[in-house]
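Engineer:
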Amino acid sequence: MSSIATPNDNAALGRRLMAVRATTGLSQGGFATSLGLSSRAYANYERGEREMPVALFRALYETYGIDPVWLLEGPGDHPVKAATRTMDFPLVDSIIRWLDAELARTHKKLRPRARLRVLKAAYALSAEKGRMDAAGLTELLAVAVGR
Numbered sequence: 001m002s003s004i005a006t007p008n009d010n011a012a013l014g015r016r017l018m019a020v021r022a023t024t025g026l027s028q029g030g031f032a033t034s035l036g037l038s039s040r041a042y043a044n045y046e047r048g049e050r051e052m053p054v055a056l057f058r059a060l061y062e063t064y065g066i067d068p069v070w071l072l073e074g075p076g077d078h079p080v081k082a083a084t085r086t087m088d089f090p091l092v093d094s095i096i097r098w099l100d101a102e103l104a105r106t107h108k109k110l111r112p113r114a115r116l117r118v119l120k121a122a123y124a125l126s127a128e129k130g131r132m133d134a135a136g137l138t139e140l141l142a143v144a145v146g147r
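What follows is the structure, given as structure tokens:
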């Protein structure tokens with residue numbers, strides 16, 4: 001086992017790998033074959049007993065379109081296709097409400113193009129963390145409006 005991934009990391013990856021296989025309806029052996037693996041090696045990955053190699057992430061992406069970031073980090077056990085990551089509209093709404101409130105509170109204004117850039121950056125920052133990060137957004141806005 002590598003010093004990079006913990007046993008818990010490998011177990012979580014194994015659960016997500018099993019979820020991917022379940023969507024195909026294939027047995028462990030059939031799924032392993034579709035990825036160019038032996039049944040034994042695949043079973044070890046699914047049980048979280050071995051760290052998954054980069055080649056397996058690539059095979060899952062190329063064969064089934066699975067998002068490697070989802071496979072590594074989740075969230076959840078429902079497979080996410082690389083091309084189907086969706087926008088978190090409730091998060092977008094929260095960010096817009098926060099930005100409007102902060103601009104009103106500080107009596108600052110942003111031109112439409114600058115506002116759009118701030119919203120995009122705020123969404124990227126928040127989506128990366130999986131939640132709205134008010135402290136990070138406050139710093140972002142301070143830079144955008146010149147403190």
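For what it's worth, UniProt numbering labels the leading residue of the sequence shown as 1, then goes sequentially. Here a beta-carbon is modelled for each residue, glycine too, at the ideal position from N, C-alpha and C.
Along the chain, which unbroken stretches of the alpha helix (DSSP H) at least 4 residues long are found entirely within the UniProt domain "HTH cro/C1-type" (25-71)?
Structural biologist: Within the UniProt domain "HTH cro/C1-type" (25-71), the complete alpha helix (DSSP H) runs of at least 4 residues are 28-34, 39-46, 54-64.
Engineer: I need the straight-line Cα distance from P68 to I95, nearest angstrom please.
Structural biologist: For P68 and I95, the distance between alpha carbons rounds to 27 Å.
Engineer: In the DSSP assignment, the alpha helix (DSSP H) including R113 goes from what residue to what residue?
Structural biologist: Where R113 is concerned, the enclosing alpha helix (DSSP H) stretches over 112-129.
Engineer: Figure out for me which residue from G14, W70, T138 has the closest Cα to the Cα of E128.
Structural biologist: Nearest of G14, W70, T138 to E128, Cα basis: W70.
Engineer: Identify which residue in K81, A144, A41 has its Cα closest to the Cα of R113.
Structural biologist: Ranking K81, A144, A41 by Cα distance to R113 puts A144 first.
Engineer: Which stretch, first to last residue, makes up the alpha helix (DSSP H) that contains T106?
Structural biologist: T106 -> alpha helix (DSSP H) spans 89-106.
Engineer: Determine, using beta-carbon pairs with one atom in the stretch 132-144 and one in the stretch 102-116, whether at least three such pairs fall under 8 Å.
Structural biologist: Verdict: yes, contact present.
Engineer: Measure from the alpha carbon of T86 to the alpha carbon of each residue in L26, P53, G130, then state which is nearest.
Structural biologist: Measuring from the Cα of T86, the nearest candidate turns out to be G130.
Engineer: Grab the span of the alpha helix (DSSP H) containing G136 for me, first residue to last.
Structural biologist: Here the alpha helix (DSSP H) through G136 covers 134-145.
Engineer: For the candidate residues E139, D133, L60, whose alpha-carbon lies nearest to that of A34?
Structural biologist: The displayed chain sequence assigns Ser, not Ala, to residue 34. For S34, the nearest C-alpha among the options comes from L60.
Engineer: Give a yes or no on whether the C-beta atoms belonging to L99 and A121 are separated by under 8 Å.
Structural biologist: Not closer than 8 Å, so no.
Engineer: Taking buried to mean at least 16 other C-beta atoms within 10 Å of its own C-beta, is P90 buried or exposed?
Structural biologist: The residue in question, P90, is exposed, as its Cβ has fewer than 16 Cβ neighbours within 10 Å.
Engineer: Do R15 and D77 have their C-beta atoms closer together than 8 Å?
Structural biologist: Going by C-beta atoms, R15 is nearer than 8 Å to D77.
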